[in-house]
Amino acid sequence: MIWQIELIILVLVVLFGFGALATKDLLSAAILFGAYSFLLCLLWAIMGAVDVAFTEASVGAGVSTVLIVSAVLRTTRRTDH
Amino acid sequence: MLLPTYRCLIGPTVFDRLVGVNAIGSKTIVMLILIGLIYKRVDMFVDIALAYAMLNFIAVLAASRYFQKQKGLYDKTGKRTPLI
Amino acid sequence: MKITGLISLIFIGGLLFYGALDFPPWGDPTSPASSHLSPYYIEHSIKDTSVPNVVTAVLADYRGYDTMFETIVIFTAGIVCIFLLRSFKEKAPESRMYRHIPTGIILRIEKGGKVPHESEYFEHIDSVWIPYDLVIRTTCRMIIPFIQVFALYVIAHGHHSPGGGFQGGVIMGASFVLFAIGFNLRSAIKQMSEKIVAFICALGVLIYAGTGVLCMFFKANYLDYSALAPLLRTDPVTARSHGILIVEIGVGMAVMAVMVVLYYNLSSAGKHDEGL
Amino acid sequence: MMVTIMILLIFGLIFFAGGAIGIIRFPDFYSRLHPAGKLDTGGLVITMSAFALYTIQPFDLEAIITSIKIILIVVFVFITSPTAIHSIVDAGIRAGLEPWEKQEDK
Amino acid sequence: MNAANKKASIDDIRPDHNKNNSFHHTNKKQFALIPFVVTFFIMACFWLLFSGKFDGFHIFLGIGSCLIVSGISSRLLFPRGVPPLLLKTWLKFAGYLPWLFNQIFLANLHVLYLTFHPRMMELINPKIIKFNSRLKSDVSRTTFANSITLTPGTITIHAGVMGKFAVHCIDDKSGQSLPGQMENKISKVFDE
């Protein structure tokens with residue numbers, strides 16, 4: 005596989021991970037986590053692990069964001085420092 | 029794909045992040061099929077792309093439901109500081 | 014406290030990296046993992062189980078115990094979620110909103126007021142009332158059956174294409190979650206009540222474990238599906254393939270039910286009255 | 061055949077690039093949705109049709125089914141993408157985000 | 323809060339939409355055969371498309387799963403009280419699609435032009451317009467809303483039950499053509 009694409013996507017995954025950690029707004033963190041799982045699925049697919057990519061796709065796109073958002077709805081939206 | 033990432037990470041409000049995530053999702057579908065073509069096994073990757081096409085909007089719907097329930101960009105506590 | 018955490022994190026990370034240095038180089042054909050275990054799987058899986066997808070064969074047949082306990086972990090997660098969050102005490106809310114269906118008038122009943130029965134005339138609605146959103150509701154209505162048929166396709170075709178019980182179960186659960194988002198939580202619960210979901214969840218684990226026990230009745234090892242051949246009236250190889258399918262169905266049911274349980278309890282804080 | 065595929069791919073990539081730049085350039089959230097929604101959907105349709113044409117090449121049953129699945133992706137995106145955009149706009153209105161308007165009257 | 327929303331929510335509590343949407347209000351679960359069979363056939367077509375394997379075992383699995391799906395959600399595709407979509411409607415809808423594709427292509431070119439224009443800020447003039455639609459059923463209104471979202475420079479903000487639409491359009495030119503031709507076409511498709 006073309007290693008440049010792999011590197012770019014890896015960098016993006018790391019960026020999104022840091023972004024999700026760094027934002028103080030929990031809803032934004034949930035949304036960024038969704039994008040993180042998209043890119044992670046792409047990374048698995050590039051590496052050839054199709055089953056793992058499928059799992060990541062269904063879990064990340066389907067339910068994990070919804071569960072996190074609903075948990076945020078029932079608790080608070082701001083992190084305290 | 030880099031530019032929506034900018035909008036996602038920097039974007040002033042939550043909604044800009046949502047827009048960015050939506051754009052990234054549609055690009056992901058195309059990239060998956062492209063990877064399938066490169067590996068010459070499109071029949072495998074098409075399933076993943078189909079799952080994405082079906083499930084991509086659940087996250088957006090959930091986030092929009094959040095705003096329908098919890099009115100306003102502001103927190104419940106009454107601090108009128110905009111959440112970024 | 015933070016600094017202690019940081020130091021310990023750096024220490025553990027360094028230790029892990031130091032351990033990783035001893036691994037064989039990436040893609041080394043002579044490493045122990047790729048010299049005798051994986052060639053065995055790759056060469057024998059078609060002959061043993063007649064399953065073209067090696068990953069499925071490894072997951073559900075060669076490493077059957079592993080997947081079974083993964084399923085049990087998921088099941089335990091669902092049970093724990095029920096125990097932690099579900100509150101059965103009917104704490105009367107401060108006010109409830111009802112809609113009189115023939116006229117469309119909305120009644121707000123304060124605490125202590127007389128609550129009408131849910132019938133064809135009165136409908137309990139959310140306290141933060143969301144106006145009827147036409148586009149989202151119609152789209153959800155049109156798309157849910159296709160998601161469900163796709164999920165069942167993924168479960169049934171784990172032998173030939175990527176996918177299997179876990180993925181299909183998650184997509185199936187996502188379709189119910191979509192129903193609960195597009196309509197509301199109460200109609201989702203009316204469609205698929207909590208008891209049914211818990212029953213399906215336990216049934217999935219029972220199917221997986223019961224297949225193993227059934228194999229023991231035929232004087233074979235636990236989870237050795239080739240012993241099921243006289244029951245399924247096929248030769249042992251095809252029996253292994255069908256055994257994998259049965260197990261996948263069990264995993265799918267358990268995962269689907271757990272996803273739905275998690276959504277019900279998380280989105281309504283255990284009260285099951287109004288959700289996301 | 062190859063020429064058609066190349067032209068379609070180039071058009072699709074132009075659309076995607078336009079969508080990405082539009083997300084950056086437009087002034088507010090509501091107008092950002094226009095490039096994000098339309099150009100992405102349009103680019104996806106065109107790119108996907110190019111891929112479907114490419115996949116159908118050997119013209120046996122499996123290839124035909126695969127390319128029909130690719131077309132099916134387009135159909136689902138067509139149903140879901142406007143809904144997603146609509147729900148984002150709806151959420152924005154409910155959250156009280158004011159639309160940007162041009163001040164030219166003063 | 324926007325004024326359009328408040329008005330629309332007054333609309334929404336009017337009694338009419340309950341007739342359209344009696345799915346939630348029926349407690350008695352009646353089994354209806356015709357929606358079940360029709361859903362079963364649609365799902366079977368999709369199963370064959372997905373699967374691509376025509377041996378007996380897979381067909382058997384397909385019949386089982388189609389039965390499950392149509393048992394669970396035949397009421398979603400064909401809810402009570404809503405007249406079902408006939409085959410004729412679908413054929414007409416297929417006739418509507420090429421025009422829609424043409425419009426989408428034009429829309430893309432328009433937005434593309436706006437995006438790459440160096441003096442973009444002078445060209446655009448976002449505003450919200452409101453109008454009433456005469457379409458009646460849920461499906462036709464949803465089709466109309468989605469078509470608006472896909473075509474030049476307009477996004478549906480609110481689609482009310484009583485036919486109120488609020489549309490965000492990006493410049494003056496794109497806002498003028500609403501509802502106009504598209505509504506005529508869709509009403510012709512759905513016979514209203």
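Protein chains in written order, with the working numbering: chain A, 5 to 85; chain B, 29 to 112; chain C, 14 to 289; chain D, 61 to 166; chain E, 323 to 514. Beta carbons: idealized from backbone N, C-alpha and C, even for Gly. Quick caveat, the model's predicted, so the values are computed rather than measured.
Check, Outcome
"T143 of chain D: contacting residues in chain C (beta-carbon distance under 8 angstroms)", "V148, I149, T152"
"Presumed contact (8 angstroms Cβ cut-off) between S395 of chain E and I202 of chain C, rounded CB distance", "Rounded, the Cβ-Cβ distance is 16 angstroms, inconsistent with contact."
"Proximity to V274 of chain C [Cα-Cα], best of C:L191, C:A252, C:G186", "C:G186"
"Contacts that I139 of chain D makes with chain C (C-beta to C-beta distance below 8 angstroms)", "T152, M155, I156"
"Below-8 angstroms beta-carbon distance, K97 of chain B vs any chain A residue", "yes"
"Candidates E:P401, E:P448, E:H432, of which the one nearest P87 of chain D by Cα", "E:P448"
"Expected contact under 8 angstroms - CB spacing of V360 of chain E and F400 of chain E to nearest Å", "7 angstroms"
"Nearest residue (CA-CA) to K507 of chain E, options E:A488, E:F487, E:T471, E:F466", "E:F466"
"Within the stretch 164-222 of chain C, ranges of the beta strand (DSSP E) (whole runs, at least 3 residues)", "none"
"In DSSP terms, what T437 of chain E is bridged to", "According to DSSP, which records beta bridges pairwise, T437 of chain E is partnered with nothing at all."
"8 angstroms Cβ cutoff, P175 of chain C in contact with chain A", "yes"
"Chain C contacts made by the stretch 76-94 of chain B, where a contact means CB separation under 9 angstroms", "I76, L78, A79, M82, L83, F85, I86, L89, A90, S92, R93, Y94"
"With 16 other Cβ atoms within 10 Å as the buried cut-off, status of P420 of chain E", "exposed"
"Length-filtered (4 minimum) alpha helix (DSSP H) runs lying within the stretch 34-70 of chain C", "51-62, 67-70"
"Residues of its chain near L245 of chain C, where Cβ-Cβ distance is below 7 angstroms and the 5 sequence neighbours each way are ignored", "A252, H255"
"Under the three-state DSSP convention, the category D29 of chain A falls into", "strand"
"Chain A contact for V4 of chain C (CB, 8 angstroms cutoff)", "Nothing about residue 4 of chain C can be reported from this structure: the residues present for chain C run from 14 to 289 only."
"As assigned by DSSP and simplified to three states, the class of N234 of chain C", "coil"
"Euclidean distance between Cα positions of T62 of chain C and G102 of chain D", "45 angstroms"
"For F453 of chain E, the residue or residues it bridges with in DSSP", "E:F487"
"CA-to-CA distance, I184 of chain C to L389 of chain E, given in whole angstroms", "18 angstroms"
"Test: F86 of chain D CB closer than 8 angstroms to a CB of chain B", "no"
"For T478 of chain E, the nearest candidate out of E:S459, E:K452, E:L431 (CA to CA)", "E:K452"
"Chain C contact for M72 of chain B (CB, 8 angstroms cutoff)", "yes"
"CB-CB length for L60 of chain B against I76 of chain B, believed under 8 angstroms", "6 angstroms"
"For A270 of chain C and A233 of chain C, the rounded distance between their alpha carbons", "31 angstroms"
"Where A49 of chain A falls: helix, strand or coil (DSSP)", "helix"
"Outcome for N430 of chain E when other beta-carbon atoms lying within 10 angstroms are tallied against a minimum of 16", "buried"
"Between the CA atoms of F159 of chain C and G53 of chain B - distance to the nearest angstrom", "20 angstroms"
"Inter-stretch contact at 8 angstroms, needing at least 3 Cβ pairs: the stretch 63-70 of chain D / the stretch 105-120 of chain D", "yes"
"At least 3 beta-carbon pairs within less than 8 angstroms: the stretch 67-80 of chain A vs the stretch 78-98 of chain B", "yes"
"8 angstroms Cβ cutoff met for A215 of chain C and I87 of chain C", "no"
"Listed by chain order, chain C residues near V54 of chain A by CB distance under 7 angstroms", "P175"
"Where H480 of chain E sits in the DSSP three-state scheme", "strand"
"For A33 of chain A and G23 of chain A, the rounded distance between their alpha carbons", "7 angstroms"
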